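Below, the structure is given as structure tokens:
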């Protein structure tokens, strides 16, 4: 589904669990949730593809962890775009990641640490990464 919890400017916390069989996710999940300060993902063992604009506009989000996305291969554009409070980002746990769309982490003004962990198999990165 697209636009899940999108444009909920007052939402502060979101915790996901029980998505064991989810394989693909549409665009704009949590897009425009400016007050979001805590997002937690349970296990997503079969998730391979995620659409664009995940967590874009999450201005207050200080950290996010994708370590439970072990099967993730393809990510759309503008992930964490304008996540202005984000301090660190790591691809740890994303061993299958192959494609990253454009605009990932663009305008992440507070980002002080970016970690690209092996054995990532990234073969395609769009423009404006960081």
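In full-length UniProt numbering, the protein residues as written are 1 to 130. Beta carbons are placed, not taken as given, at the ideal position from N, Cα and C, and that holds for glycine. Just so we're clear, the structure is a prediction, and the values are computed from it rather than from any experiment.
When the distance is taken between beta carbons, is residue j closer than 8 angstroms to residue i?
i           : j           : result
residue 60  : residue 40  : no
residue 27  : residue 103 : no
residue 105 : residue 80  : yes
residue 72  : residue 58  : no
residue 83  : residue 55  : yes
Can you name, in chain order, every residue of its own chain whose Cβ lies under 7 angstroms from the Cβ of residue i, other than the five neighbours on each side?
i          : result
residue 85 : 59, 60, 61, 62 and 110
residue 8  : 33
Within a Cβ cutoff of 8 angstroms, which residues of the same chain sit near residue i, ignoring the five residues on either side of it in sequence?
i          : result
residue 87 : 62, 63, 110, 111, 112 and 113
residue 52 : 27, 28, 76, 77, 78, 79 and 101
Assuming residue i and residue j make a contact with CB atoms under 8 angstroms, what is their CB distance in whole Å?
i          : j          : result
residue 6  : residue 31 : 4 angstroms
residue 16 : residue 42 : 6 angstroms
Ignore the nearest five residues each way along the sequence and tell me which others in residue i's own chain have a CB closer than 6 angstroms to its CB.
i          : result
residue 29 : 4 and 54
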